[in-house]
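Here's the structure we're looking at; comments come further down.
Numbering (the working numbering), first residue to last: 1416 to 1576.
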């Protein structure tokens, strides 16, 4: 697929005709619904959803580089750095230069940030039932979304190559 080969004719007439027909819009809308569902739960921790994701990664594996966090979260450093700075201002993380490579900035949980782990990691479980899916359905949906993500990344790479 390239921009020059993507046309109404090449789509075979089966392309979506309305906004509601678009898979990307369904995923976009579901993402917003997740954010709205998480918001009241995260307010108790004083976190936004993107900040929560940074904390989840650090609760899994503490003391990471900004680049490593960005890779896990799929975020560029210009998006991630303000998130980390806000978490640092909240005294949940500390940033420091890597002793072995001064170009790298490392992010580590403070005691306050580590103490939030139990409450923070319970939040996704609180929402699990709200989605109306059992564990097998969640695993299948995650697998299919992962396959979709990989296919889109592959297509994007071929478009930009």
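Where is the CB? At the ideal position from N, CA and C, for every residue including glycine.
Going straight from the alpha carbon of residue i to that of residue j, what length do you get?
{"i": "residue 1541", "j": "residue 1576", "result": "42 Å"}
{"i": "residue 1556", "j": "residue 1566", "result": "15 Å"}
{"i": "residue 1504", "j": "residue 1497", "result": "10 Å"}
{"i": "residue 1468", "j": "residue 1516", "result": "26 Å"}
{"i": "residue 1485", "j": "residue 1499", "result": "11 Å"}
{"i": "residue 1543", "j": "residue 1537", "result": "10 Å"}
Which partner residues does residue i have in the DSSP bridge list?
{"i": "residue 1515", "result": "None; residue 1515 has no bridge partner."}
{"i": "residue 1523", "result": "1509"}
{"i": "residue 1480", "result": "1521"}
Below 8 Å on the Cβ atoms is my guess for residue i versus residue j; work out the distance and round it to an integer in Å.
{"i": "residue 1510", "j": "residue 1522", "result": "6 Å"}
{"i": "residue 1473", "j": "residue 1524", "result": "5 Å"}
{"i": "residue 1466", "j": "residue 1502", "result": "6 Å"}
{"i": "residue 1452", "j": "residue 1545", "result": "6 Å"}
Could you check whether residue j and residue i sit closer than 8 Å to each other, using their CB atoms as the reference points?
{"i": "residue 1589", "j": "residue 1507", "result": "The requested residue 1589 does not occur in the structure, where the chain is confined to residues 1416 to 1576."}
{"i": "residue 1494", "j": "residue 1519", "result": "no"}
{"i": "residue 1534", "j": "residue 1457", "result": "no"}
{"i": "residue 1470", "j": "residue 1531", "result": "yes"}
Establish whether the CB of residue i and some CB of chain B are separated by less than 8 Å.
{"i": "residue 1575", "result": "Looking for chain B here will not work: only one protein chain is present."}
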